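K.L.:
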Amino acid sequence: SAFALHDYPIGEAEILSKGREAWDSALNPVNICTFNLGAASIGISTNLRNRVYAQVQRMPARFHDKTPIGDIMSLATNDLDALRMFWGFGMLMLFDVGLYLLFTPVLMLHYSWELTLMCLIPVPLIPLAISFVVKRIESRYEAVQEQFANVTSRSSESFSGARVVKSFASEEHEMRRFAELSREYRR
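Heads up: the sequence shown runs through residues 37 to 223, numbered per the working numbering.
#1: Taking L119 and V88 to be in contact with their CB atoms under 8 Å, please state how far apart those CB atoms are, rounded to whole angstroms.
#2: Evaluate R256 with the Cβ neighbour count: other Cβ atoms within 10 Å of its Cβ, from every protein chain shown; 16 or more gives buried, anything less gives exposed.
#3: Which of the three DSSP states is assigned to A165 in this structure?
#4: Return the chain-ordered list of same chain residues with a C-beta closer than 7 Å to the C-beta of T113, the five sequence neighbours on each side being excluded.
#5: What separation, rounded to the nearest whole angstrom, lies between the Cα atoms of A62 and I80?
#6: Quick one: measure Cβ to Cβ for E210 and S194, integer angstroms, because I've assumed they're closer than 8 Å.
#7: Out of S77, R222, F139, I173, which one is the CA nearest neighbour of M127?
#8: Comparing the C-beta of R219 with each C-beta of chain C, is any distance below 8 Å?
#9: Going by DSSP, what residue range makes up the alpha helix (DSSP H) through V148?
#10: Look at the Cβ atom of V180, then the Cβ atom of L217, and state whether they are nearer than 8 Å.
#11: If you scan the segment 75-120 from start to end, which runs of the alpha helix (DSSP H) of 4 or more residues do you find wholly inside it?
#12: Count the other CB atoms within 10 Å of the CB of G134; is the residue buried (16 or more) or exposed (fewer)?
#13: For the putative contact between A185 and D107, defined by C-beta atoms under 8 Å, what is the C-beta separation to the nearest angstrom?
#14: Under a Cβ-count criterion, where at least 16 other Cβ atoms within 10 Å of its own Cβ denotes burial, should S110 be classed as buried or exposed?
#15: Does the distance from the CB of L145 to the CB of T152 come in under 8 Å?
#16: Between G124 and the rest of its own chain, which residues show a CB-CB distance below 6 Å, the 5 nearest in sequence each way excluded?
#17: Once DSSP output is grouped into helix, strand and coil, what is the label at I173?
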């Protein structure tokens, strides 16, 4: 039998209850904080993107001759998006972790000071682990950014030189080169 909405009646009390839950979650301080941080991060990234664009416009011709378009596009897109994520989600996580670091030991001490001390033994090792992970992430991020710049530069060159490529009937060759760069970027 076909699904029909009237087969699953919803009472007025249930509708009011669901509406109240939605309203409460919308007014939850955490949701408001998340929304405000998200809006602020978008504002910050828009401001930075406009400043980068203005700076690129002011640069002398030799800068544009030396700098591949892919490097500029990488900065204007991925790097600024990473900053937006930091100012939005990253700041929220920093706040969240700060609260956990503040309240969790207090609660643990309340239940068992011996167990708390045992749990705090590995805490000095955490910065070492974080440092190791951050270095790996940074090197991979830089490699991805460099490859993104290569793909963007290749795209720009292909679009700019489309007439030349067509006049020499080398579309297949250009498609293979671009596909190879894209594969490298995905790795």
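Glycine included, every Cβ here is placed at the ideal spot set by N, Cα and C. Remember, predicted model here, so these are calculated numbers, not experimental data.
P.N.:
Considering the structure as presented:
#1: Not quite, the Cβ-Cβ distance comes to about 11 Å (not below 8 Å), so this is no contact.
#2: The displayed coordinates of the chain run from 37 to 223. Any statement about residue 256 would go beyond what the structure contains.
#3: helix
#4: Annotation for T113: no residue places its beta carbon closer than 7 Å to its own, counting only its chain and skipping 5 residues before and after.
#5: Model confidence at A62 stands at a pLDDT of 49, short of 50, so the residue's coordinates are unreliable and nothing is read from them.
#6: 6 Å
#7: By alpha-carbon distance to M127, the top candidate from S77, R222, F139, I173 is S77.
#8: The chain inventory of the structure shown lacks chain C, comprising one protein chain alone.
#9: In the sequence as displayed, the identity of residue 148 is Ser instead of Val. First-last for S148: undefined, no H or E at that position.
#10: no
#11: 97-102, 105-110
#12: exposed
#13: The beta-carbon distance between A185 and D107, rounded to whole angstroms, is 5 Å. This is short enough to meet the 8 Å contact definition.
#14: buried
#15: Cβ distance < 8 Å, so L145 and T152 count as in contact.
#16: L73, G74, S77
#17: helix
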